[in-house]
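Read top to bottom, the protein sequences are chains A and B. Sequential numbering of the first sequence, starting at 1, is according to this note's numbering. Sequential numbering of the second sequence, starting at 160, is according to this note's numbering.
There are 2 protein chains.
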Amino acid sequence: MYNPYNVERLNINFKTLEEFKNFQSYGAQELSMEEDLKANIIENDSESPFYGIYFGGKLVARMSLYKISQKFDRYFEPPQDYLELWKLEVLPDYRGKGYGRALVDFAKSFNLPIKTNGRNNSHDFWDKMGFEPATYNTERDRGENPFVWFPKGVSEQTL
Amino acid sequence: MYNPYNVERLNINFKTLEEFKNFQSYGAQELSMEEDLKANIIENDSESPFYGIYFGGKLVARMSLYKISQKFDRYFEPPQDYLELWKLEVLPDYRGKGYGRALVDFAKSFNLPIKTNGRNNSHDFWDKMGFEPATYNTERDRGENPFVWFPKGVSEQTL
Numbered sequence: 001m002y003n004p005y006n007v008e009r010l011n012i013n014f015k016t017l018e019e020f021k022n023f024q025s026y027g028a029q030e031l032s033m034e035e036d037l038k039a040n041i042i043e044n045d046s047e048s049p050f051y052g053i054y055f056g057g058k059l060v061a062r063m064s065l066y067k068i069s070q071k072f073d074r075y076f077e078p079p080q081d082y083l084e085l086w087k088l089e090v091l092p093d094y095r096g097k098g099y100g101r102a103l104v105d106f107a108k109s110f111n112l113p114i115k116t117n118g119r120n121n122s123h124d125f126w127d128k129m130g131f132e133p134a135t136y137n138t139e140r141d142r143g144e145n146p147f148v149w150f151p152k153g154v155s156e157q158t159l
Numbered sequence: 160m161y162n163p164y165n166v167e168r169l170n171i172n173f174k175t176l177e178e179f180k181n182f183q184s185y186g187a188q189e190l191s192m193e194e195d196l197k198a199n200i201i202e203n204d205s206e207s208p209f210y211g212i213y214f215g216g217k218l219v220a221r222m223s224l225y226k227i228s229q230k231f232d233r234y235f236e237p238p239q240d241y242l243e244l245w246k247l248e249v250l251p252d253y254r255g256k257g258y259g260r261a262l263v264d265f266a267k268s269f270n271l272p273i274k275t276n277g278r279n280n281s282h283d284f285w286d287k288m289g290f291e292p293a294t295y296n297t298e299r300d301r302g303e304n305p306f307v308w309f310p311k312g313v314s315e316q317t318l
């Protein structure tokens, strides 16, 4: 499908981490990256699980993608490697312009199932993105709002 | 310690579920409870993982507590049963009056370690509650902001 935006994998350096501070979901993950960078535990410009879109040199949207191994798959049938998507966020002034969809489309392009924890009131968004709410399971989901996307031939795992 | 509020375990019935709709974090967990209640899969007034505080007959604060078994403990040393706390929320008009602290104190009264995923900008609150940020581990924490509380004799697990 046509994607009007250029989704980039974000390398970790102090400039990227500074841009991350504009996002509400800035948290333990970013603080840990900053510490590792300062302590030279990770190299400048090392690869990160973050992908983003720049507009006029400014990072305006981002998400994190993390591959979960088949042996930990409790969502999909047949069990397989899948992507966990988190921290999808578009800066307030840039919402409603398709940045979120561009990131989600990019995630889908790996053709692996995707699982995300929907934020409050995000149901309509995930529905528009072709995601479905997973059947809630307390032990697995622990208060999360799991939404899943199935590539062709994949269905929900029955727990 | 003195707790000025009466924290109650919330039984699941249609009235409680209706009150839950006032909370932002209403999601898959509550929808699933409602379906189970309608389908008579769970009984009316069955026990829930939710605890709350009423003011004038209205549920104004709530949280969910879920016991995780020692064999899944990846946070505490020595490994042990611990509580996962989620969906701590006080309705907007009732904030700043100690309801949140009352719920957290109640959770601590079980004298088990506690782990929670801090919402955006909740660092100061958890700090005041005596929680510490856990050392971030991508595989375990996957974008979460884990905060932990240690009862006496318990420390952080080194991964």
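Virtual Cβ for every residue (Gly too), placed ideally from N, Cα, C.
Beta carbon proximity, residue i to chain A, threshold 9 Å
i      : result
B:A293 : yes
B:K246 : yes
B:P208 : yes
B:S191 : yes
B:P238 : no
B:E243 : yes
B:Q229 : no
B:T175 : no
B:Y185 : yes
B:Y225 : yes
B:T317 : no
Residue i (DSSP reduced to helix, strand or coil)
i      : result
A:A61  : strand
A:E139 : helix
B:F179 : helix
Minimum Cβ-Cβ distance from residue i to chain D less than 9 Å
i      : result
B:N170 : The displayed structure is made up of protein chains A and B, and chain D is not among them.
For residue i, the first and last residue of its enclosing beta strand (DSSP E)
i      : result
A:R9   : 7–12
A:F147 : 146–149
Proximity to residue i [Cα-Cα], best of the options
i      : options                        : result
A:P4   : A:F55, A:T158, A:M33           : A:F55
A:R140 : A:Q80, A:F125, A:T158, A:F106  : A:T158
A:V60  : A:Y94, A:G153, A:H123, A:E132  : A:Y94
B:Y185 : B:R168, B:E167, B:M222, B:V166 : B:M222
B:Q188 : A:E35, A:F150, A:T138, A:L37   : A:T138
A:K108 : A:W149, A:P49, A:R9, A:K71     : A:W149
B:I201 : B:N172, B:E178, B:P208         : B:N172
B:G312 : B:T275, B:K197, B:N276, B:L271 : B:L271
Beta carbon proximity, residue i to chain B, threshold 9 Å
i      : result
A:N120 : yes
A:P113 : no
A:N40  : no
A:Q29  : yes
A:R142 : yes
A:N145 : yes
Segment limits, alpha helix (DSSP H) that includes residue i
i      : result
B:L190 : 187–197
beta-carbon residue i near the ligand GDP non-hydrogen atom, thresh 8 Å
i      : result
B:N181 : This structure does not include the ligand GDP; it has no bound ligands of any sort.
Problem - Segments assigned alpha helix (DSSP H), at least 4 residues, entirely inside the region 209–285 of chain B - result: 258–267
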